[in-house]
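When the letters of the sequence shown are read in order and numbered with full-length UniProt numbering, they come out as residues 1 to 273.
Let me begin by presenting the structure, written as structure tokens, before commenting on it.
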Amino acid sequence: MTNQTALDADNMEFWQHVCGTKAAKLYGYEGSDAVSIGNFDRWFFQYYPYLRRFIPFDQLAGKSVLEIGLGYGSVSQAVAAAGAQLTGLDIAAGPVNWLRHRLALAGLPGQAIQGSALDIPFPEGNFDHVVTIGCLHHTGDLKKAISEVHRVLRPGGTAIIMVYSATSHLRWLKHPAETWRYVRSVAAGSDEPLALDKHGRADFDAAPDGRVAPEVVLASKTAFSRMLNAFKKHTIRRTNVPDHPIVGLIPRDWRVQTEGRLFGTDLYATARK
């Protein structure tokens, strides 16, 4: 068994527990009925308000859209509701089955399939848009995953890709030496992401039972930009802030607009092929 095969198996098992379930339970939206799902989605897009700016929902009608990494299905359902021809892809069966349930419940068209972002099971130039939020940095080969996104986009198509930032305030505060070494390597010309150990991964993705994601890599804005060189043009915006018991007294919207733009945890790229 190769290292990648083993990692794929670990990812299938870890992400079988649908991402977002913890938040749904915390806020009382964990039911599988339409009302509970609708309540969760309203919370989701209020908590991440910038998603409606980064993802052009009002331009998706009639377009073929691939979402990679399905999570709780909120983005995919919004894409389908916008009139797009939706395809959802996830390495784990849990999110795939959950999205199928959501689409059937809402009476929306679309398909959800299980597969790898490192070997997207579609031909070159198949999609008008690809959306992948917080997924590719878990695959084990971020640069290959980005190249696969580029491959399946039609010429002129756009990708919206989110990866974790290696230079967020979280990283500078908790891991300053490691962050500084990485920044220096990028300044010297590297386009490699920063792979995290188990302790570092726990800062980003942990299951309710305490297990942490099998793979998490980070990128600086400069390194991420280099990874997107195959695209004709791209922009990268920084956003999102972690919850904090003291800083949390400050309205989240204000923190996202200020702190998030300077030291946010997430990098969102909009890239055109």
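Ideal placement from N, C-alpha and C gives every residue a C-beta, glycine not left out.
Bear in mind the structure is a predicted one, so any value in this text is a computation, not a measurement.
Exposed unless 16 or more other CB atoms sit within 10 angstroms - verdict on residue i
i: Gln77; result: buried
i: Leu170; result: buried
i: Asn240; result: buried
i: His234; result: buried
i: Val35; result: exposed
i: Glu259; result: buried
i: Glu124; result: exposed
i: Lys262; result: Note that residue 262 is Leu in the sequence shown here, rather than Lys. It counts as exposed.
i: Ala9; result: exposed
i: Pro214; result: buried
i: Gly107; result: exposed
Inter-residue Cα distance where the pair is residue i and residue j
i: Phe54; j: Cys19; result: 21 angstroms
i: Lys232; j: Asp203; result: 34 angstroms
i: Ala177; j: Arg184; result: 11 angstroms
i: Ala80; j: Trp180; result: 42 angstroms
i: Arg255; j: His199; result: 26 angstroms
i: Ala82; j: Arg52; result: 12 angstroms
i: Tyr27; j: Leu142; result: 32 angstroms
Sheet register partners of residue i (DSSP bridge)
i: Arg237; result: Tyr268
i: Ser64; result: Gln85
i: residue 304; result: Not covered by the structure: residue 304. The range shown for the chain is 1 to 273.
Distance between beta carbons of residue j and residue i, contact taken as under 8 angstroms
i: Glu67; j: Val149; result: About 11 angstroms; that fails the 8 angstroms criterion.
i: Tyr164; j: Thr265; result: 6 angstroms
i: Leu153; j: Phe127; result: 6 angstroms
i: Ala223; j: Ser190; result: 7 angstroms
i: Gly156; j: Lys273; result: 6 angstroms
i: Tyr29; j: Phe40; result: 4 angstroms
i: residue 289; j: Val75; result: One cannot answer for residue 289 here, as it falls past the ends of the chain, which runs 1 to 273.
Within 8 angstroms, strictly: CB atoms of residue i and residue j
i: Arg100; j: Ala117; result: no
i: Asp90; j: Gly69; result: yes
i: Ala92; j: Asn11; result: yes
i: Leu218; j: His137; result: yes
Within-8 angstroms CB hit, residue i to chain D
i: Phe224; result: In the structure shown, chain D cannot be found, because there is only a single protein chain.
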